[in-house]
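**Q** Dropping a structure here in structure tokens format, bear with me for questions.
Chains as they are written, first to last, in this note's numbering: chain A, 12 to 126; chain B, 29 to 140.
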């Protein structure tokens, strides 16, 4: 069974440009999460989809970030326009259930560098 | 709000040494606890998890962790580390809805 996959694995863009990250969750997993790790700090929650609906987007840093999950399958996270402080590793995770006693499976992450 | 504190940012050990990585969390309610590992160039992998029951949890690759509720701790241990354990380790807490709060991570370097 395929795990959570993320594209691209690395992206280097200039400040002001737009970048779109993609996450393909494990098939059948309704719950999809985006996390971000900036500058060796903790991995921080960005948002949570249940199917195509945003369940919790409390961690989204600002309106330059837009996440979508059309059709409840893969998800994209767009950063527009990118700023230097957006550099970091963006992780996606998916789970079949939500709530306590739920295990989420992570992708390998996308390393974003804004120069 | 939940928070997770990992005590060591970087640990360097020789092979066969014993390992203990500290993790403390703050949250008053019921939680699930996890340790993840990220090997260089690879994705985050689950080492072990605590949901309920026996507070001593055994995971993959000889790792174990002990949940001490009174201390809000979930320390990771391994009796004898190997060079292949070199990686970054993350403690995480999940209070509900699958959303997890992570610590800063601890980089473990094992010298052959």
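Even glycine gets a Cβ: it sits at the ideal position worked out from N, Cα and C.
Keep in mind it's a predicted model, so treat the numbers as computed, not measured.
1. Nearest by alpha-carbon distance to residue 127 of chain B: which of A/57, A/15, A/29, A/72 is it?
2. With 9 angstroms as the limit, tell me which residues of the segment 103-121 of chain A have their beta carbon closer than that to any beta carbon of chain B; keep them in chain order.
3. Applying the criterion that 16 or more other CB atoms from any shown protein chain within 10 Å of the CB defines a buried residue, is residue 67 of chain B buried or exposed?
4. Would residue 13 of chain A be called buried (16 or more neighbouring beta carbons within 10 Å of its own) or exposed?
5. Could you please give me the residues that DSSP links to residue 35 of chain A through a beta bridge?
6. Can you find a C-beta in chain B that's less than 8 angstroms from the C-beta of residue 54 of chain A?
7. Using the three-state DSSP reduction, which class does residue 83 of chain A fall into: helix, strand or coil?
8. Between the segment 32-49 of chain B and the segment 35-47 of chain A, do at least 3 Cβ pairs fall closer than 8 angstroms?
9. Closest to residue 22 of chain A by C-alpha separation, out of A/93, A/76, A/55, would be which residue?
10. Drop a sphere of 10 angstroms on the beta-carbon of residue 111 of chain B, count the other beta-carbons inside from all chains shown, and report buried for 16 or more, exposed for fewer.
11. Might you give, ordered along the chain, the residues of its own chain that have their beta carbon closer than 8 angstroms to the beta carbon of residue 137 of chain B, omitting 5 neighbours on each side?
12. Within a Cβ cutoff of 6 angstroms, which residues of the same chain sit near residue 27 of chain A, ignoring the five residues on either side of it in sequence?
13. Spatial neighbours of residue 81 of chain A within its chain, please: CB distance less than 6 angstroms, with the 5 preceding and 5 following residues excluded, ordered by chain position.
14. With 9 angstroms as the limit, tell me which residues of the segment 79-107 of chain B have their beta carbon closer than that to any beta carbon of chain A; keep them in chain order.
**A** Reading off the structure:
1. Here the closest residue by C-alpha is A/57.
2. For the segment 103-121 of chain A, which is checked against every Cβ of chain B, the residues closer than 9 angstroms are 104, 106, 108, 109, 110, 111, 112, 113, 114, 115, 116, 117, 118, 119, 120.
3. Here residue 67 of chain B is exposed, its C-beta having fewer than 16 other C-beta atoms within 10 Å.
4. Per the 10 Å Cβ criterion, exposed.
5. For residue 35 of chain A, which the question treats as bridged, DSSP gives the partners A/16.
6. Using beta-carbon distances, residue 54 of chain A counts as an interface residue toward chain B, with a partner under 8 angstroms.
7. Residue 83 of chain A: helix per DSSP, three-state reduction.
8. In short, these stretches do not touch, since the Cβ pair count stays below three.
9. Nearest option by C-alpha distance: A/93.
10. Exposed, because fewer than 16 other Cβ atoms sit within 10 Å of the Cβ of residue 111 of chain B.
11. Close CB contacts of residue 137 of chain B within its chain, under the 8 angstroms cut and outside five residues either way in sequence, are with 38, 39, 40, 41, 114 (chain order).
12. Shown here for residue 27 of chain A: same chain residues with a beta carbon closer than 6 angstroms to its own, the five before and five after excluded, namely 92 in chain order.
13. For residue 81 of chain A, where only same-chain residues beyond five positions count, there are no Cβ hits under 6 angstroms.
14. Of all residues in the segment 79-107 of chain B, only 79, 80 come within less than 9 angstroms of chain A when Cβ atoms are compared, listed by chain position.
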